[in-house]
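Enquirer:
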DNA sequence: GTAGGGTTAG
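In my numbering, the protein residues as written are 46 to 684.
#1: Mark residue 261 as exposed unless 16 or more other C-beta atoms lie within 10 angstroms of its C-beta, in which case mark it buried.
#2: Grab me the residues of residue 313's own chain with a C-beta within less than 7 Å of its C-beta, minus the 5 sequence neighbours each way, in chain order.
#3: Would you call the segment 447-464 and the segment 416-426 in contact, with 3 or more CB pairs under 8 Å?
#4: Are the CB atoms of residue 621 and residue 577 within a distance shorter than 7 Å?
#5: Three-state secondary structure (DSSP) at residue 487?
#6: Please state whether DSSP places residue 219 in a helix, a strand or coil.
#7: Does the distance from the CB of residue 612 to the CB of residue 653 come in under 7 Å?
#8: With a 10 Å radius around its C-beta and 16 neighbouring C-beta atoms as the bar for buried, classify residue 235 as buried or exposed.
#9: For residue 491, is the classification buried or exposed, using 16 other Cβ atoms within 10 angstroms of its Cβ as the cut-off for buried?
#10: Measure how close the beta-carbons of residue 196 and residue 220 come, nearest whole angstrom, since I'm counting them as under 8 Å.
#11: For residue 639, which option in 619, 655, 626, 650 has the closest C-alpha, if you only look at C-alpha atoms?
#12: For residue 696 and residue 230, I'd like the C-alpha separation in whole angstroms.
#13: Is the number of C-beta pairs between the segment 554-566 and the segment 631-648 that are closer than 8 Å three or more?
#14: If you draw a straight line from the C-alpha of residue 729 to the C-alpha of residue 563, how long is it?
#15: Using beta-carbon positions only, say whether residue 253 and residue 269 come within less than 7 Å of one another.
#16: Less than 7 Å between the beta carbons of residue 615 and residue 566, yes or no?
#17: With a CB to CB cut of under 7 Å and the five nearest residues on each side skipped, what residues in its chain are close to residue 733?
#18: Along the chain, where does the alpha helix (DSSP H) containing residue 553 start, and where does it finish?
#19: Tell me, which residues are paired with residue 354 by DSSP?
#20: Starting from the C-beta of residue 139, find all residues in its chain whose C-beta is less than 7 Å away, skip the five residues before and the five after it, and write them out in chain order.
#21: Output the distance between the C-alpha atoms of residue 93 and residue 62, rounded to the nearest integer angstrom.
#22: Counting only runs that start and end within the segment 270-339, where is the alpha helix (DSSP H) found for 4 or more residues in a row?
#23: To the nearest angstrom, report how far apart residue 50 and residue 145 are at their CA atoms.
#24: On the DSSP bridge assignment, give the partners of residue 348 in chain order.
#25: In angstroms with no decimal places, state the Cα-to-Cα distance between residue 303 and residue 81.
#26: Grouping DSSP H, G and I as helix and E and B as strand, with all else coil, what is residue 153?
#27: At which residue ranges does the segment 349-404 contain complete alpha helix (DSSP H) runs of 4 or more residues, listed in the order of the chain?
#28: With burial defined as no fewer than 16 other Cβ atoms inside 10 Å of the residue's Cβ, what is the status of residue 671: buried or exposed?
#29: Leaving out five residues before and five after residue 276 in sequence, what residues of the same chain have Cβ atoms less than 7 Å from its Cβ?
#30: Find the nearest neighbour of residue 359 within the set 389, 374, 407, judged by alpha-carbon distance.
#31: Could you pull the DSSP bridge partners for residue 166 from this structure?
#32: To test your reading of the DSSP string, which unbroken alpha helix (DSSP H) runs of 4 or more residues are found completely within the segment 462-536?
#33: Roughly how many angstroms lie between the CA atoms of residue 338 and residue 101, to the nearest whole one?
#34: Is residue 99 buried or exposed, if buried means 16 or more other CB atoms sit within 10 Å of its CB?
#35: Are at least three pairs of beta-carbons, each pair with one atom in the segment 377-385 and one in the segment 343-359, less than 8 Å apart?
#36: Hey, residue 155 and residue 178 are a contact pair by Cβ (cut 8 Å); roughly how many whole angstroms apart?
Next up, the structure:
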């Protein structure tokens, strides 16, 4: 009877306080309402009051207070556990209602994604209904990161007597999306159709997202178009799909379509648009969205602010990112991690570490992604001993078991600093089998330090695990190319061709006049191509005069030295810089973005160009930012 | 009076 808005909650409290004769139902009702209206702490206080007043909670009360804990996430895990043991003592461990709440509570409150707790509760339940099945499957997908287990459980479920509903299908489709396994997803979807959920918006939206996460944008678009009814979530899903797939133009067009359709956008929409802008580094677009945000009233939403921090940082405006961070009211672990990542990618490792220590002081618990950010900060700056210290502390102080990514960070840190032997020793003593990521990182270090023997070993280890790994083929071929073994280069290229492995094309882009200009190697498609190449030739002569010598190690083909030079001078990042020189204002830095790591020769050449022209050049590659000024780079040639 | 879902930020 109570409670749509917060004032209704006040009213509900007034009535409740005046009740002469409260019973368990009244207490329970108040507890659940508090949680539903976003006051889980109030719910817990009420529960404590209730006990102190001598009332005995029933199954609904316990379920309600467990839900309150769920809302508070990891903050209340210990209370949740106490409630759980209470449930067991009171003999209600097999109750389906309490069981569902407990599964959900463990799923959302357990930080390290350990599955044992919620699985144990699930297994103890007397019988299962569609809610308990859905709760456990969702728990695996959302909080355990265990998509395969979720799919297995789903398969078990459909063999049993309880039919899945639209929520269950939605979760299992999400699991397929996380695995980028659209084939399995399609099978589940056709089952969903058989069960009569063909026109269900929830299942339809999950299908779009599943296709998008599997990289099948055309099918995502088709699924979107064939939706029975498009709601805001559908629009947000497809906007996000375009943003993720680097099509921020497509995302903004859809944004206007939404506005025209009369559907009101929400914070999700803005967050997706911001991430779309940040993926391609389109600061102009990002600023437009920021301006629109200020009118929308979502500018203080936590997710939106976090997306803004990341957008400004990833577009090269680290100071503005820091400003947004400082002005934010309520920061969570993602806000802090975004800021640490931002500083790390810009090469301000010491600042990144300072922020990390402030975060610990503010009693914000770092998670595994925070540690990836902090460790990569160390590795970008060559802070070996700090890296070790942090790596050791993550488990000792915060009970976070290092994952493959953390091991890879350490390999990167040791490898880049030149300690290849120490890195390989680290790999050999890992408690788990190193995966392709670890070996790929190590191979990258071998390439930088020209260690052919270890590099070959690493590439073989990668190809053992994944014979189709394009990166290993390329790195191996680069390694051979840099020592002039052209027969081996040819063999690898032939192998790649046979296996139909295509190197992701190097591509650079630059924003000018609020438009993105993209360039590939030796690109002549731009209307201003002639001017660009004239500028390039002019720059080549000029910087050679300053002492630049082309490093043709970075050319893959066996060519005459002069041809190699020419080839290296047609790399996409150089073309983009030349375009920047002729079409952007002198007062601003030239901001270039590249989808892959910047080539070593380009890095050197661009440093000389900054010296010759007096322009500041900011280059974001797939790994980090390079702030190039007067012939030096913020990465200290360490990338 | 109870429990489950799809879209967002690192």
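For glycine and all other residues, C-beta sits at the position ideal for the given N, C-alpha and C.
Expert: In short, the structure shows the following:
#1: Numbered from 1 along the first chain, position 216 holds the residue referred to as residue 261. Burial of residue 261 is indicated by the presence of at least 16 other C-beta atoms within 10 angstroms of its C-beta.
#2: Against the first chain, residue 313 aligns to sequence position 268. Apart from the 5 residues on each side of it in sequence, residue 313 sits with its Cβ closer than 7 Å to the Cβ of 281 in its chain, given in chain order.
#3: The segment 447-464 is in contact with the segment 416-426.
#4: Against the first chain, residue 577 aligns to sequence position 532. Against the first chain, residue 621 aligns to sequence position 576. Contact: no.
#5: Residue 487 sits at position 442 when you count from the first residue of the first chain. In the structure shown, residue 487 sits in a helix (DSSP, three-state: H, G or I).
#6: Taking the first chain and counting its residues from 1, the one referred to as residue 219 is at position 174. DSSP, read as helix, strand or coil, puts residue 219 in helix.
#7: Counting from 1 along the first chain, the entry for residue 612 is found at position 567. Counting from 1 along the first chain, the entry for residue 653 is found at position 608. Residue 653 is positioned such that its CB atom lies no closer than 7 Å to that of residue 612.
#8: Here residue 235 corresponds to residue number 190 of the first chain, with the count starting at 1. Here residue 235 is exposed: its Cβ has fewer than 16 other Cβ atoms, across all protein chains shown, within 10 Å.
#9: Here residue 491 refers to the residue found at position 446 of the first chain. The residue is buried, with at least 16 neighbouring Cβ atoms inside 10 Å.
#10: In the first chain, the residue the question calls residue 196 occupies position 151. In the first chain, the residue the question calls residue 220 occupies position 175. Between residue 220 and residue 196 the Cβ distance is about 5 Å, and since that is below 8 Å, they are a contact.
#11: Residue 639 sits at position 594 when you count from the first residue of the first chain. In this structure, 619 is the residue among 619, 655, 626, 650 with its C-alpha nearest to the C-alpha of residue 639.
#12: An answer regarding residue 696 cannot be provided, because it is not within the stretch 46 to 684 covered by the chain.
#13: By the C-beta criterion, the segment 554-566 is judged to be in contact with the segment 631-648, since at least 3 inter-stretch pairs fall below 8 Å.
#14: Any question about residue 729 goes unanswered here, given that the chain covers just 46 to 684.
#15: Translated into positions along the first chain, residue 253 becomes position 208. Translated into positions along the first chain, residue 269 becomes position 224. In contact: residue 253 and residue 269 (Cβ atoms closer than 7 Å).
#16: Position 570 of the first chain, counted from the first residue, corresponds to residue 615. Position 521 of the first chain, counted from the first residue, corresponds to residue 566. Residue 566 is positioned such that its CB atom lies closer than 7 Å to that of residue 615.
#17: A query on residue 733 cannot be resolved here, the shown segment of the chain reaching from 46 to 684 and no further.
#18: On the first chain, residue 553 is found 508 positions in, with the first residue counted as 1. DSSP places residue 553 outside any alpha helix (DSSP H); the residue lies instead in the beta strand (DSSP E), whose first and last residues are 552-557.
#19: For the purposes of this step, residue 354 is taken as residue 309 along the first chain, with counting starting at 1. Answer by DSSP bridge pairing: none, since residue 354 is not bridged.
#20: Stepping through the first chain from its first residue, residue 139 is reached at position 94. Counting only Cβ-Cβ distances below 7 Å, and skipping sequence neighbours, we find 169, 170, 171.
#21: To locate residue 93, count along the first chain from 1; it is residue 48. To locate residue 62, count along the first chain from 1; it is residue 17. For residue 93 and residue 62, the gap between their C-alpha atoms comes out near 15 Å.
#22: Here the runs fully enclosed are 277-289, 293-306, 312-325.
#23: Here residue 50 refers to the residue found at position 5 when the first chain is read from its first residue. Here residue 145 refers to the residue found at position 100 when the first chain is read from its first residue. Caution applies to residue 50, whose pLDDT of 49 falls short of 50 and renders its modelled position unreliable; the value that the coordinates give is listed next. Rounded to whole angstroms, residue 50 to residue 145 spans 27 Å at the Cα level.
#24: Indexing the first chain from 1 puts residue 348 at position 303. According to DSSP, which records beta bridges pairwise, residue 348 is partnered with nothing at all.
#25: Taking the first chain and counting its residues from 1, the one referred to as residue 303 is at position 258. Taking the first chain and counting its residues from 1, the one referred to as residue 81 is at position 36. Cα to Cα, the separation comes out at about 29 Å.
#26: On the first chain, position 108 is the one that residue 153 refers to. The answer is helix: DSSP assigns residue 153 an H, G or I state.
#27: For the segment 349-404, whole alpha helix (DSSP H) runs of length 4 or above, ordered along the chain, are 363-372, 378-390.
#28: As a working note, residue 671 is residue 626 in the first chain. Buried, since its Cβ has 16 or more Cβ neighbours within 10 Å.
#29: For the purposes of this step, residue 276 is identified with residue 231 of the first chain, where counting begins at 1. Answer for residue 276: 246, listed in chain order.
#30: As a position in the first chain, residue 359 is number 314, starting the count at 1. For residue 359, the closest C-alpha among the options 389, 374, 407 is that of 389.
#31: As a first step, residue 166 must be located in the first chain, where it is residue number 121. The partner list for residue 166 (beta bridge, DSSP) is empty, contrary to what the question assumes.
#32: Fully contained in the segment 462-536 are the following alpha helix (DSSP H) runs of length 4 or more, in chain order: 465-473, 481-493, 497-510, 515-527.
#33: For the purposes of this step, residue 338 is taken as the residue at position 293 of the first chain. For the purposes of this step, residue 101 is taken as the residue at position 56 of the first chain. Straight-line measurement puts the Cα of residue 101 at about 49 Å from the Cα of residue 338.
#34: As a first step, residue 99 must be located in the first chain, where it is residue number 54. Residue 99 is exposed by the Cβ-count criterion.
#35: Output reads yes: the segment 343-359 touches the segment 377-385.
#36: Locating residue 155 in the first chain gives position 110, counting from the first residue. Locating residue 178 in the first chain gives position 133, counting from the first residue. Actually they do not touch by this definition, with Cβ atoms about 19 Å apart.
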